[in-house]
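S.K.: Protein chains in written order, with the numbering used here: chain Z, 1 to 341; chain V, 1001 to 1341; chain B, 2001 to 2341; chain E, 3001 to 3341.
Sharing a structure, written as structure tokens. Questions coming.
There are 4 protein chains.
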Amino acid sequence: MQLGFVGLGRMGLNMVRRLQEAGIECVVFDTHLEARREAASHGATAADSIQDLVARLDGPRAVWLMLPTAVVDVVLDQLTPLLSEGDIVIDGGNSHYVEDLRRAQALSKHKLMYVDVGVSGGVWGRERGYCQMIGGPEPAFKRLDPVFAALAPGVGAAPRSEGRSGEPSAAEKGYLYCGPNGAGHFVKMVHNGIEYGLMAAYAEGLNVLKNANAGKQQRTADAETSPLEHPERYQYDFPLGDIAELWRRGSVIGSWLLDLTAAELGRDPTLKDYTGRVSDSGEGRWTAQAAIDEGVPVPVLTAALFGRFTSQGNELYANKVLSAMRHSFGGHNEIKTDNKG
Amino acid sequence: MQLGFVGLGRMGLNMVRRLQEAGIECVVFDTHLEARREAASHGATAADSIQDLVARLDGPRAVWLMLPTAVVDVVLDQLTPLLSEGDIVIDGGNSHYVEDLRRAQALSKHKLMYVDVGVSGGVWGRERGYCQMIGGPEPAFKRLDPVFAALAPGVGAAPRSEGRSGEPSAAEKGYLYCGPNGAGHFVKMVHNGIEYGLMAAYAEGLNVLKNANAGKQQRTADAETSPLEHPERYQYDFPLGDIAELWRRGSVIGSWLLDLTAAELGRDPTLKDYTGRVSDSGEGRWTAQAAIDEGVPVPVLTAALFGRFTSQGNELYANKVLSAMRHSFGGHNEIKTDNKG
Amino acid sequence: MQLGFVGLGRMGLNMVRRLQEAGIECVVFDTHLEARREAASHGATAADSIQDLVARLDGPRAVWLMLPTAVVDVVLDQLTPLLSEGDIVIDGGNSHYVEDLRRAQALSKHKLMYVDVGVSGGVWGRERGYCQMIGGPEPAFKRLDPVFAALAPGVGAAPRSEGRSGEPSAAEKGYLYCGPNGAGHFVKMVHNGIEYGLMAAYAEGLNVLKNANAGKQQRTADAETSPLEHPERYQYDFPLGDIAELWRRGSVIGSWLLDLTAAELGRDPTLKDYTGRVSDSGEGRWTAQAAIDEGVPVPVLTAALFGRFTSQGNELYANKVLSAMRHSFGGHNEIKTDNKG
Amino acid sequence: MQLGFVGLGRMGLNMVRRLQEAGIECVVFDTHLEARREAASHGATAADSIQDLVARLDGPRAVWLMLPTAVVDVVLDQLTPLLSEGDIVIDGGNSHYVEDLRRAQALSKHKLMYVDVGVSGGVWGRERGYCQMIGGPEPAFKRLDPVFAALAPGVGAAPRSEGRSGEPSAAEKGYLYCGPNGAGHFVKMVHNGIEYGLMAAYAEGLNVLKNANAGKQQRTADAETSPLEHPERYQYDFPLGDIAELWRRGSVIGSWLLDLTAAELGRDPTLKDYTGRVSDSGEGRWTAQAAIDEGVPVPVLTAALFGRFTSQGNELYANKVLSAMRHSFGGHNEIKTDNKG
């Protein structure tokens, strides 16, 4: 099977390697010559341009886009007139599913099929395989089955669930047809929303452990500082790296994220190389907004999201308002330096 | 009527002045000579020591403590042996109500009565009067009625509620017997918990208005930065001082806190004199902990509390954990400088 | 001055009365004959149709719409072709400000001006006046000044802020030009977002007080029920109506919402006539979504919003998932009846 | 090695079996004869009473308590006088670590050592092994090493973390000495706090997916119901069981909790056998309270906790207050039936 592949960044290149290894012939393009050369070194056919890429594919074609969200529409505009009835375009990036609805409609006017795929796996995907959440016309999904199967981890990546037997389903292999267009990115969006929540749960818990020695520190005894009533209860210096490692076996909270955390904390439990400025890249926001549209409460997911906004400094004015109020009603002056010195 | 009064800080001195003006004879003490002199200049009798203060009071005595939480027990230890059966000690500071339970029991062994009073009013109290939430033995409350009435704002401070007529109740004058010991500080604790929530609601809303020009700013278009899909919707530069002023009349969200905020923002809507480091002084924490004991959800009150903790820098380690995780699964590097420069 | 006014519901009729009393001649229309008649009984001129209403107004016209959000566009479609260059349409309902941007652009093609006004005041507005947040072309705002001034509470509705003197500004009278189109509804949206937060802060605090007798109740001592470690600390039966009344005078948390709450709790502190199903009507959602777009953390405002979603039953499936998980890892069975039995 | 074991409930019995299989001779007691008989059928020695149990153990003894929190002190009172200097008591239940501090001090007066062990593993522990978080005197920990090792999953239960090599540490086998008394239950407490957060993150995300068909439902168009602006975006009927299964392979959010969830949803994605009443058993509360004492923000963990309180019906009065306010300022009546009707 043949596949066009545009976008050879961190993710894209690894995916092409996995596809080639599984016998899918990739015709690839990227604006960076270097990236094309590396793909070629792994057996892919490097095209010189989008036109060239389309020309090198036999019909009916399928072209997978693995691009920054902002660039997808630009490439689609170039690609669309070059394709023919029955061809498929796949967006495997992190698009908002609302964009999928619009794009699918636009492409259907040219009798092209559009498939949206949410891909999870990060930098580990080449080795572990990619979990794929797929939306679009079902015939397109079926035609692309070998591609999805090649990228997916396969059933062996986890023990089968109780009650599952016989020929493994696609879901059990790590890819799933989730519904009409947008369904793939919708499920991926929620996946990332959950990811934010899981990450924050570990981070908050570890922070409670980190500060379990609060009773050892001297506190100022003024009206501006809340007293610690029982300092004798907060005298622990916990070995955080070992604790994360410990929880990996036999506990209820074992997970892949914990595996990674244990490795990081094993190297340096103080995490001194990090400043704590946490980016967010869209999906967490979209999940919250979808939940609000639906009227579904997501207090944990938004708390995780807002923690990131705050790490970016965006709570600043709100805090100034609080300080101004406190000054105004109580004559409270801000303490200029805090515990963290 | 006579009242002993220990503690002439910001609050205490103002309270003594209000009491003296209402004809309550105050015998006062404070370790600072200066404060005693100022109280005396307003007509109070300054004692040289706790012993002297007790000696100058006719029995049955009543001594009001207006002290930092950490000092209350120290003074109580001095005071207790000097008092006689039937005397009353009032704690008007910000004690945790759990301390009241312990103290009341200890004093009752000496046949002394203990009264806990939560006092709200801040630096404005001398002029506006003090709202008083009172717990303890009911006979003590009754004996002290003139004191509470003198400190309270009086019924004229607000229009009477629909359905209230005839002789105004104590609650309508601004003081209330809330129940047995601890009841006064319990109600004050929750009062402050609510205050945190109210303040945060205004602060968050004003922050949304402040950032309504987000669409005017250039955003980096990389995988680490969430795109603003509709910059044209965020092009407003709002006059925050005027908006706070506006809301004071006719709107649903008018309040005394808003009055103060409008004055602050009227002076300087950028609040450049504040850094945004917001202290907390115990009651917000105790409210949250009481709610948790009761099994009562208080998501708004804890969100407000946690905002303060974060302003103090205590979320730092949690954020480093998040950065470490993101680096580990996605190869994401922290953006070292953020929007706030 | 003359004003067309379409929509004579609860709000609209009261506004027309206030306008007529201030000498603004209102030409009104509503599909309900009854409502038109009532407006006429207060001096307004009742039109038989939108056409009739437009015909009865001298140019340049101004027509105020006070309609359910879903109907605004329908009426606009009827109204637009009947108007002439320089006429003004005002939307005083609860539209999303994003709709304003679209509508203003559409009307500008017909050389009509569009003004969006967020109106606060509820059923009390006729008596207290209406707080108005205004967006649109500045010349339109200026032309309509007498209308806004007539509806506004006036400077006397609150003491002037410290630092404000001389001729009162519009903001001090209760109306404000907030910026270009959408600005009025944006500020109103955030106003309501804040309102949700304020309401929830009071509600949560009162709930903590309500449950301060938790220690009096018998608890089952099984592994499914969290033990109350100190029942002796939760023995209070608080007089909630009196407490709300108390806080109205001299406390930091006094507000108009508290005034209303005190009246309600004064009538019946158990609130037995309410079931606790709390609607939301859009602005709280939009505020949260705008904050998320801006990257501004609003944990208090969303907690308040999610509380409403939950009161509507929308958390149900999430809770079933939790029960399923607990059953799965711990063999925990759901307790079928809870404390509230 | 010999071990006394008191408490043969769900957890206790499984632990005894695992211990016996590993060659630890257990002398067991439980008030239920049945449970003693079952333990005996697996090779344990059943004692007739606490006295008998102590008598059957050679010194220095070690007795493991696996009891409901409320019963621990009762049994300790019986046990303490029967033991001799140097004996060890282990509390493996879910005690609050603050109780450990008190108990350890009390036992040390009798020259007994107290060890607190937080045990995770649930009903799966016999098969998977138990993750153990251990606090107390280090010599006691060392003496009990074979017991902990027998209960632990062993290093093979998970791939070794990058950077770990050589002889596996105890943490890598699934048990860890965390520090002085209380440390074990402190870490277990936080472990469970994290568990609440993780569970809620999955549950909320799945609820967003479940309601992704919101656009298919008819909504009332009244002022009490928030309009869904884009129903076309919420037309998905997602296969929730398959999605949970899908995420188990290759995704970032894989975990043991997800494994269990996938099995549950695989059986019945509607979860119709559950009502959604979610108990909490203490640790989530204690984690939140410890975080508040430390001044550490835990918005995700408390959101998860409050979700449980709400599922138990404890938000009711707060919601009634909201309804009363809305009625009071806006004349809003409650909608008596909601969507979930």
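C-beta atoms are modelled at their ideal positions from N, C-alpha and C, and glycine is treated no differently.
It should be emphasised that the depicted structure is a prediction, and the values quoted were computed from it without experimental measurement.
Put residue 1283(V) into one of helix, strand or coil per three-state DSSP.
M.R.: In the second sequence, residue 1283(V) corresponds to position 283, counting from 1. Three-state result, residue 1283(V): helix.
S.K.: Terminal residues of the continuous beta strand (DSSP E) containing residue 3176(E)?
M.R.: As a first step, residue 3176(E) is located in the fourth sequence; it is residue number 176 there, counting from the start. Run containing residue 3176(E): 3175-3179, per the beta strand (DSSP E) assignment.
S.K.: Give, in chain order, every residue of the region 2093-2107 of chain B whose Cβ lies closer than 9 Å to some Cβ of chain V.
M.R.: Against chain V - using a Cβ distance shorter than 9 Å - the residues of the region 2093-2107 of chain B are 2097, 2098, 2101.
S.K.: In the DSSP output, what is residue 132(Z) paired with across the bridge?
M.R.: The sequence position of residue 132(Z) within the first sequence is 132, counting from 1. For residue 132(Z), which the question treats as bridged, DSSP gives the partners 119(Z), 175(Z).
S.K.: Could you tell me whether any Cβ in chain B is nearer than 7 Å to the Cβ of residue 1341(V)?
M.R.: Here residue 1341(V) refers to the residue found at position 341 of the second sequence. Note that residue 1341(V) has pLDDT 31, beneath the 50 cutoff, so the model's placement of it is unreliable and no number is given.
S.K.: Along the chain, where does the alpha helix (DSSP H) that runs through residue 2321(B) open and close?
M.R.: Against the third sequence, residue 2321(B) aligns to sequence position 321. Here the alpha helix (DSSP H) through residue 2321(B) covers 2316-2330.
S.K.: Return helix, strand or coil for residue 2065(B), following the three-state DSSP convention.
M.R.: The sequence position of residue 2065(B) within the third sequence is 65, counting from 1. Three-state result, residue 2065(B): strand.
S.K.: Between residue 2160(B) and residue 1195(V), what straight-line distance do the alpha-carbon atoms span, to the nearest angstrom?
M.R.: Residue 2160(B) sits at position 160 when you count from the first residue of the third sequence. Residue 1195(V) sits at position 195 when you count from the first residue of the second sequence. Looking at the two C-alpha atoms, the distance is approximately 23 Å.
S.K.: Of the residues that make up the region 291-319 of chain Z, which ones have a beta carbon closer than 9 Å to any beta carbon in chain C?
M.R.: Here the protein chains are Z, V, B and E, and chain C is not one of them.
S.K.: Going by DSSP, name the residue or residues bridged to residue 1113(V).
M.R.: Sequence index remark: in the second sequence, residue 1113(V) carries index 113 (1-based). 1088(V), per the DSSP bridge assignment.
S.K.: At the level of alpha carbons, what is the spacing between residue 327(Z) and residue 1271(V)?
M.R.: The residue you call residue 327(Z) lines up with position 327 of the first sequence. The residue you call residue 1271(V) lines up with position 271 of the second sequence. Computed Cα separation, rounded: 12 Å.
S.K.: Could you check whether residue 3158(E) and residue 351(Z) sit closer than 7 Å to each other, using their CB atoms as the reference points?
M.R.: This structure does not reach residue 351(Z), given that chain Z is present from 1 up to 341, and the question cannot be answered.
S.K.: If you measure beta-carbon to beta-carbon, which residues of the region 26-42 of chain Z are closer than 7 Å to chain B?
M.R.: Listed by position along the chain: nothing, the set is empty.
S.K.: Assign residue 1020(V) to one of two classes, buried (16 or more other C-beta atoms within 10 Å of its C-beta) or exposed (fewer than that).
M.R.: Translated into positions along the second sequence, residue 1020(V) becomes position 20. Its Cβ being crowded by 16 or more others within 10 Å, residue 1020(V) is buried.
S.K.: How do the region 3173-3187 of chain E and the region 3124-3143 of chain E stand: do at least 3 beta-carbon pairs fall below 8 Å, yes or no?
M.R.: In short, these stretches touch, since the Cβ pair count reaches three.
S.K.: For a minimum of 4 consecutive residues, which ranges assigned as the alpha helix (DSSP H) are wholly contained in the region 2224-2293 of chain B?
M.R.: Counting whole runs of 4 or more residues, the region 2224-2293 of chain B contains the alpha helix (DSSP H) stretches 2240-2246, 2256-2267.
S.K.: Which chain Z residues are close to residue 3019(E), counting only those with a beta carbon under 8 Å from its beta carbon?
M.R.: Counting from 1 along the fourth sequence, the entry for residue 3019(E) is found at position 19. The contacting residues do not exist; residue 3019(E) stays about 15 Å from chain Z at best.
S.K.: For residue 1277(V), which residues from the same chain have a beta carbon less than 7 Å from its beta carbon, with the 5 sequence-adjacent residues on both sides left out?
M.R.: Taking the second sequence and counting its residues from 1, the one referred to as residue 1277(V) is at position 277. Result list for residue 1277(V): 1311, 1312, in chain order.
S.K.: Under a three-way DSSP split, which group does residue 2151(B) fall into?
M.R.: Within the third sequence, the letter at position 151 stands for residue 2151(B). If DSSP states are grouped into helix, strand and coil, residue 2151(B) belongs with the helices.
S.K.: Just checking, does the region 3086-3101 of chain E make contact with the region 3180-3192 of chain E on the three C-beta pairs under 8 Å criterion?
M.R.: Contact holds: three or more Cβ-Cβ distances are below 8 Å.
S.K.: Sorted by chain position, which residues of the same chain lie with C-beta nearer than 7 Å to residue 2233(B)'s C-beta, five sequence neighbours on each side aside?
M.R.: Working through the third sequence from its first residue, we reach residue 2233(B) at position 233. The answer, listed in chain order, is 2215.
S.K.: Can you tell me whether DSSP reads residue 2044(B) as helix, strand or coil?
M.R.: The count along the third sequence starts at 1 and reaches residue 2044(B) at position 44. Coil.
S.K.: Evaluate the contact criterion for the region 2111-2129 of chain B versus the region 2030-2049 of chain B: three or more CB pairs, one atom per stretch, below 8 Å.
M.R.: They do not touch, by the three-pair rule.
S.K.: Using a Cβ-Cβ cutoff of less than 6 Å, which residues in the same chain neighbour residue 291(Z) once the five nearest sequence positions on both sides are dropped?
M.R.: By 1-based counting over the first sequence, the position of residue 291(Z) is 291. The answer, listed in chain order, is 298.
S.K.: Which two residues bound the contiguous alpha helix (DSSP H) that contains residue 3198(E)?
M.R.: The count along the fourth sequence starts at 1 and reaches residue 3198(E) at position 198. 3183-3210 is the span of the alpha helix (DSSP H), which, as asked, contains residue 3198(E).
S.K.: At a CB distance below 7 Å, what residues from the region 1265-1282 of chain V approach chain Z? Give them in sequence order.
M.R.: Per Cβ criterion, the list reads 1271, 1274, 1275, 1276, 1277, 1278, 1279, 1280, 1281, 1282.
S.K.: Give every residue of the same chain whose Cβ lies closer than 8 Å to the Cβ of residue 2143(B), excluding the five residues on either side of it in the sequence, and list them in chain order.
M.R.: What you label residue 2143(B) is simply residue 143 of the third sequence in a count that begins at 1. So the list reads 2060, 2062, 2088, once near-sequence residues are dropped.
S.K.: Give every residue of the same chain whose Cβ lies closer than 7 Å to the Cβ of residue 1253(V), excluding the five residues on either side of it in the sequence, and list them in chain order.
M.R.: Position 253 of the second sequence, counting from 1, holds the residue named residue 1253(V). 1247.
S.K.: Between which two residues does the beta strand (DSSP E) containing residue 3342(E) stretch?
M.R.: Nothing about residue 3342(E) can be read from this structure; chain E reaches only from 3001 to 3341.
S.K.: For residue 338(Z) and chain E, any beta-carbon pair shorter than 7 Å?
M.R.: Along the first sequence, one-based indexing puts residue 338(Z) at 338. Because the pLDDT of residue 338(Z) is 46, which lies under 50, any placement of that residue in the model is unreliable, and the number read from its coordinates should be weighed accordingly. Closer than 7 Å: no.
S.K.: Our contact map puts residue 1317(V) next to residue 206(Z) with C-beta atoms below 8 Å; I'd like the distance itself, whole angstroms only.
M.R.: For this step, residue 1317(V) is matched to residue 317 along the second sequence. For this step, residue 206(Z) is matched to residue 206 along the first sequence. Sure, about 7 Å apart at Cβ, within 8 Å.
S.K.: Look at the alpha carbon of residue 80(Z) and the alpha carbon of residue 67(Z), and state the distance between them as a whole number of angstroms.
M.R.: Taking the first sequence and counting its residues from 1, the one referred to as residue 80(Z) is at position 80. Taking the first sequence and counting its residues from 1, the one referred to as residue 67(Z) is at position 67. Answer to the nearest angstrom: the Cα atoms are 16 Å apart.
S.K.: According to a CB-to-CB cut-off of less than 8 Å, which residues of the region 1198-1212 of chain V neighbour chain Z?
M.R.: Against chain Z - using a Cβ distance shorter than 8 Å - the residues of the region 1198-1212 of chain V are 1199, 1200, 1202, 1203, 1204, 1206, 1207, 1210, 1211.
S.K.: Exposed or buried, residue 2147(B), counting other C-beta atoms within 10 Å across all chains shown (16 or more means buried)?
M.R.: Within the third sequence, residue 2147(B) is the residue found at index 147, counting from 1. Buried: at least 16 other Cβ atoms inside 10 Å.
S.K.: Report the three-state DSSP secondary structure of residue 3(Z) (helix, strand or coil).
M.R.: Taking the first residue of the first sequence as 1, we reach residue 3(Z) at position 3. Strand at residue 3(Z).
S.K.: Mapping DSSP to helix, strand and coil, what is residue 146(Z)?
M.R.: In the first sequence, residue 146(Z) corresponds to position 146, counting from 1. It is helical.
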